[in-house]
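Participant: No gaps in the numbering here: position 178 of the sequence shown is 1051 in my numbering, and each next residue is one more. The C-beta atom is built at its ideal place from N, Cα and C for all residues, glycine as well. Remember, it's a predicted structure, so these values are computed and weren't measured experimentally.
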Amino acid sequence: MKTVLSGIQPTGNLHLGRYFGAIQNWVNLQNQYHCFYGVVNYHAMTMPYDIKKLIPATWELTFNLMACGLNPERIFVQSLIPEHQELAWIFNTMTGFGELSRMTQFKDKSQQVQSGKKDAFIPSALYLYPVLQAADILIYKADYVPVGKDQEQHLELTRNIAQRFNHVIKKEYFTLPEPLFTEVAKVMSTADPTRKMSASLGEKHHIDLFAEPSRIRKQIKSAVTDTGERTDEMSPGVANLFSLLKATGATADHDTLLEDYNKGTLQYGHLKDVVATALVDLTTPFREKKAEIKADKKRVKAQIRESSAEVRKVAINTLLEVKELVGLLSMKY
Ligand code: TRP
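#1: Give a yes or no on contact between the stretch 993-1008 and the stretch 1053-1069, applying the rule of three or more CB pairs nearer than 8 angstroms.
#2: Would you report the Cα separation of Gly880 and Thr1129, rounded to the nearest angstrom?
#3: Mind checking which residues open and close the beta strand (DSSP E) that includes Glu946?
#4: Count the other CB atoms, across all protein chains shown, that sit within 10 Å of the CB of Asn914; report buried if there are 16 or more and exposed otherwise.
#5: Just tell me which of Gly1101, Leu1144, Pro929 and Ile1042 has its CA closest to the CA of Lys1119.
#6: Note down, in chain order, each residue of its chain lying with its Cβ closer than 7 angstroms to the Cβ of Ile963, except the 5 sequence neighbours on either side.
#7: What distance in whole Å lies between the Cβ atoms of Asn944 and Gln903, which are believed to be in contact at a cut-off of 8 angstroms?
#8: Buried or exposed, going by whether 16 or more other CB atoms sit within 10 Å of the CB of Pro1003?
#9: Between the C-alpha atoms of Ile1093 and Ser1116, what's the straight-line distance to the nearest angstrom?
#10: Using CA atoms only, rank isn't needed, just tell me which of Thr1124, Glu1106 and Arg1185 is closest to Val950.
#11: Here's a check: name, in chain order, each residue in its chain whose Cβ is nearer than 6 angstroms to the Cβ of Asn886, leaving out the five neighbours to either side.
#12: Does DSSP put Leu1053 in a helix, a strand or coil?
#13: Check Leu1131 in the structure and name its three-state DSSP category.
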């Protein structure tokens, strides 16, 4: 069985965009592959963050992932596996300064931190972020990494690091991981459908996956559409409602309503009702499961610690081999 690895940062809340863009796919991959899913809290420290909120956010995301159907045995918390850091250091010696400087995410995020300030503090961790990501992936010798287009460059760097490592030790030790671009829905903000749904845009721009049905209905009801005048192209707001509907799996409803749209008989109020109902139907079991998890928090936390310890065995094994390969003395575990 091939290995899949992916990671998600405990920042922001889990909204429909993140669910349809990644998590839904992760759940589906579980049956076909040997999966590792990391809650990458070390990565979350690379941007300004609230110390008091990081641990609660880490647990919250873990619970949310489980509520969506991820097997807790496949979930680990990055900071419970310190070997990632150790491997990252070794990889730092095999990563070019220029290579990291070309990462667009680094450029974007350092600009974000700077945002006009003259002496903004840019942590080196932001710069080294992709090297830690490479360690996350290679420590489990992943074959596939399901990621969005925004992470393509990081995966390419991971492949370069793996290749350089193999070259340095003159052995095909790491297989080069491939990106796994599954077709996922790109969900836009319902308040501004020209922008991607994102927690950082603010309250009205994203729909929380665990929101109460009344809130989901309200947000869909106020979604931007168009004036109803016929144009050649579907407006971004209407297109977004259609893609949300499709993403929930309600394809029959989707196709019927699309026909109505094409005939010019579709009422947007009706479309919104159908979309809201589909979203409520999809998320109700998640909300229920989350309530169960939260009622049993202590046991679930212990379970995640245990699964992380189990996953750690794989990481320890790789790291021992790597240290020997690069000439580092190591303690036998
Ligand atoms: N950089 C990824 C993101 O922001 C998160 C991440 C960290 C990741 N480590 C990873 C993704 C390993 C895939 C594999 O989305």
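Facilitator: So, to answer that:
#1: no
#2: Position 7 of the sequence shown, counting from 1, holds the residue named residue 880. Position 256 of the sequence shown, counting from 1, holds the residue named residue 1129. Their backbone Cα atoms lie some 37 angstroms apart in a straight line.
#3: Residue numbering aside, residue 946 sits at position 73 when the sequence shown is read from its first letter. No beta strand (DSSP E) contains Glu946, which DSSP labels as neither H nor E.
#4: For this step, residue 914 is matched to residue 41 along the sequence shown. Asn914 should be labelled buried.
#5: Residue 1119 sits at position 246 when you count from the first residue of the sequence shown. The option with the nearest alpha carbon to Lys1119 is Leu1144.
#6: Here residue 963 refers to the residue found at position 90 when the sequence shown is read from its first residue. Leaving aside the five residues that flank Ile963 on each side, the residues in its chain whose CB is nearer than 7 angstroms to its CB run, in chain order, Val1195 and Val1199.
#7: In the sequence shown, residue 903 corresponds to position 30, counting from 1. In the sequence shown, residue 944 corresponds to position 71, counting from 1. Going by Cβ atoms, the distance from Gln903 to Asn944 rounds to 6 angstroms, so yes, they are a contact pair.
#8: Within the sequence shown, numbered from 1, the residue matching residue 1003 stands at position 130. Within 10 angstroms of the beta-carbon of Pro1003 lie 16 or more other beta-carbons, which makes it buried.
#9: Sequence index remark: in the sequence shown, residue 1093 carries index 220 (1-based). Sequence index remark: in the sequence shown, residue 1116 carries index 243 (1-based). Taking the straight line from one Cα to the other gives about 13 angstroms.
#10: On the sequence shown, residue 950 is found 77 positions in, with the first residue counted as 1. When each option's Cα is compared against that of Val950, the closest is Arg1185.
#11: Taking the first residue of the sequence shown as position 1, residue 886 is located at position 13. Ala1072 and Asp1081.
#12: Taking the sequence shown and counting its residues from 1, one reaches residue 1053 at position 180. Under the three-state reduction of DSSP output, Leu1053 falls in the strand class.
#13: Along the sequence shown, read from residue 1 onward, the residue named residue 1131 stands at position 258. Of the three classes helix, strand and coil, the one that applies to Leu1131 here is helix, per DSSP.
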